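Notes for the one structure printed next.
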Amino acid sequence: MNRIGSFTQEEIIEKCQENPRIKDGGREFGSHISEKDYPFKFYELKEPQDLFYQIGRNPRFIREVCVFNSLAFINQIPDNGDEWWALKKYTDDSIKAFSNIIFEGLITSGWTPNGNVNEKVIKDLDAANSPEEVESIWSTYLQTEKDMLARVYKSSQAEIADDEMEYDPHY
334 MNRIGSFTQE
344 EIIEKCQENP
354 RIKDGGREFG
364 SHISEKDYPF
374 KFYELKEPQD
384 LFYQIGRNPR
394 FIREVCVFNS
404 LAFINQIPDN
414 GDEWWALKKY
424 TDDSIKAFSN
434 IIFEGLITSG
444 WTPNGNVNEK
454 VIKDLDAANS
464 PEEVESIWST
474 YLQTEKDMLA
484 RVYKSSQAEI
494 ADDEMEYDPH
504 Y
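Mapping of the sequence shown onto this note's numbering: residues 334 to 504, in sequence order.
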């Protein structure tokens, strides 16, 4: 068993079989590329900024897995895609999906004179002990992002579509 953070590689691959975009035999890769060209590739990251660096670099590939302690982020989009399926492993060894994340916004929107506030979000998600706590942290983060976008674009919150920023534990 190959351990990576709180997970084993096998646990992550098994959980990914629930996601039609990244499961074995689940994606139509097209005639010019094969699913076999995209095996799972794992990166264990020690700090949130390492996570942001790894995910923010190019090229990115489908089935690229970035692990920070009890969090795993699996790229679902081929050819430099930026949509990551987010998993959390709990102390009872259960693994639950909690969102799809486009990291470009998470990486670039969180910088303040006091550091990256999004590093705190990642650390808080890692420290969470229940799916309800993860949902609360993630929903609060999404509302904060929605408020920030409303200020930046000088629009009301109502003008930012709720479906663009909603909590979605599925793929």
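We treat Cβ as the ideally placed atom computed from N, Cα and C, and that holds for glycine.
Just so you know, these numbers come straight off a predicted model, no measurement behind them.
DSSP state of residue 401, grouped into three classes? In the structure shown, residue 401 sits in a strand (DSSP, three-state: E or B).
Among 473, 479, 341 and 477, whose alpha-carbon lies nearest the alpha-carbon of residue 405? Its Cα nearest to that of residue 405, the residue 341 stands out among 473, 479, 341 and 477.
Can you tell me whether residue 413 is helix, strand or coil according to DSSP? Three-state result, residue 413: coil.
Would you say the region 387-406 touches the region 418-438, given that touching needs at least three Cβ pairs under 8 Å? Yes, they touch.
Which same chain residues end up closer than 7 Å to residue 413 when comparing Cβ atoms and leaving out the 5 residues on each side of it in sequence? Around residue 413: 391, 392 and 393.
Quick check: the Cα distance between residue 388 and residue 462, rounded to an integer number of angstroms? So the two alpha carbons sit approximately 25 Å from each other.
Compute the distance between the beta-carbons of residue 475 and residue 467, then report whether it is under 8 Å. In this structure, the beta-carbon distance from residue 475 to residue 467 does not fall below 8 Å.
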